[in-house]
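Asker: For the sequence shown, the working numbering assigns the number 60 to the initial residue and increments by one for each residue that follows. Quick reminder that beta carbons are idealized off the backbone N, C-alpha and C, glycines included.
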Amino acid sequence: MTQQLNTQAFAFAKQLSDNAFKAHALTIKGLEQVAELQLAAWEKQVQATADFFTQAAEVRDADALRGLWEKGTAASREQAEHAVSVTKEIVAVTQKTAESLNALLQEQQKAAKDVVSAPVEAIKKAASIK
60 MTQQLNTQAF AFAKQLSDNA FKAHALTIKG LEQVAELQLA AWEKQVQATA DFFTQAAEVR
120 DADALRGLWE KGTAASREQA EHAVSVTKEI VAVTQKTAES LNALLQEQQK AAKDVVSAPV
180 EAIKKAASIK
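(1) Cβ of Leu-85 within 7 Å of any heavy atom in the ligand HEM?
(2) Use the C-beta contact count for Val-108: other C-beta atoms within 10 angstroms, 16 or more gives buried, fewer gives exposed.
(3) Inspect the CB distances between the stretch 83-95 and the stretch 166-175 and report whether three or more fall short of 8 Å.
(4) Give the straight-line distance between the Cα atoms of Phe-80 and Thr-86, rounded to the nearest whole angstrom.
(5) Which of helix, strand or coil does DSSP assign to Arg-136?
(6) Please identify the residue among Gln-67, His-83 and Phe-69 whose C-alpha is closest to the C-alpha of Leu-164.
(7) Three-state secondary structure (DSSP) at Asp-110?
(8) Just mark Thr-66 as buried or exposed, buried being the case when its beta carbon has 16 or more other beta carbons within 10 Å.
(9) Tell me the rounded alpha-carbon separation between Glu-166 and Trp-101.
(10) My output table needs one value for Gln-117: the three-state DSSP class, helix, strand or coil.
(11) If Ala-134 sits next to Phe-111, beta carbons under 8 Å apart, how far is it from one beta carbon to the other, in whole angstroms?
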């Protein structure tokens, strides 16, 4: 009897560690995707800022300053829109990762229920045969 319990315990522990590894891999994948999105957004923002400062250095009169002001306003609006877009993408990645982790958790709970209920069912069968 103890051998059977040990075998079940080891099988459950192995499954638990396998699922923990899967959860870790899913989490790391999600973090990588979020980091890539943020890095791309940061690179774009740095490039836009550098372009703006390059144009600002070339301003020589009031008309050029007005044009720079309009370009700065448009650039700010574009950056805000891009930030919202990136945020939506990050939320989507986070939601997908959470759904995958939830599915993995449900799978683990079902397996735990099966491991616990299997000996109970065996005892019930043995009791009904007698």
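Answerer: The short version:
(1) For the structure depicted, the ligand HEM is absent and the ligand set is empty, with no information on it obtainable.
(2) The residue given as residue 108 occupies position 49 in the sequence shown. Note on identity: in this sequence residue 108 is Thr, with Val being the wrong assignment. Thr-108 is exposed by the Cβ-count criterion.
(3) no
(4) For the purposes of this step, residue 80 is taken as the residue at position 21 of the sequence shown. For the purposes of this step, residue 86 is taken as the residue at position 27 of the sequence shown. Whole-angstrom Cα-Cα distance: 10 Å.
(5) Along the sequence shown, one-based indexing puts residue 136 at 77. Looking at Arg-136 - three-state DSSP - the assignment turns out to be helix.
(6) Position 105 of the sequence shown, counting from 1, holds the residue named residue 164. Of the listed residues, the one whose Cα sits closest to Leu-164 is His-83.
(7) If you number the sequence shown from 1, residue 110 lands on position 51. Looking at Asp-110 - three-state DSSP - the assignment turns out to be helix.
(8) The sequence position of residue 66 within the sequence shown is 7, counting from 1. With fewer than 16 other Cβ atoms within 10 Å, it is exposed.
(9) Looking up residue 166 in the sequence shown gives position 107. Looking up residue 101 in the sequence shown gives position 42. Approximately 38 Å, taken between the alpha carbons.
(10) As a working note, residue 117 is residue 58 in the sequence shown. The sequence as given places Glu at residue 117; Gln does not occur at that position. In the structure shown, Glu-117 sits in coil (DSSP, three-state: anything other than H, G, I, E or B).
(11) Along the sequence shown, one-based indexing puts residue 134 at 75. Along the sequence shown, one-based indexing puts residue 111 at 52. Right, their Cβ atoms sit about 6 Å apart.
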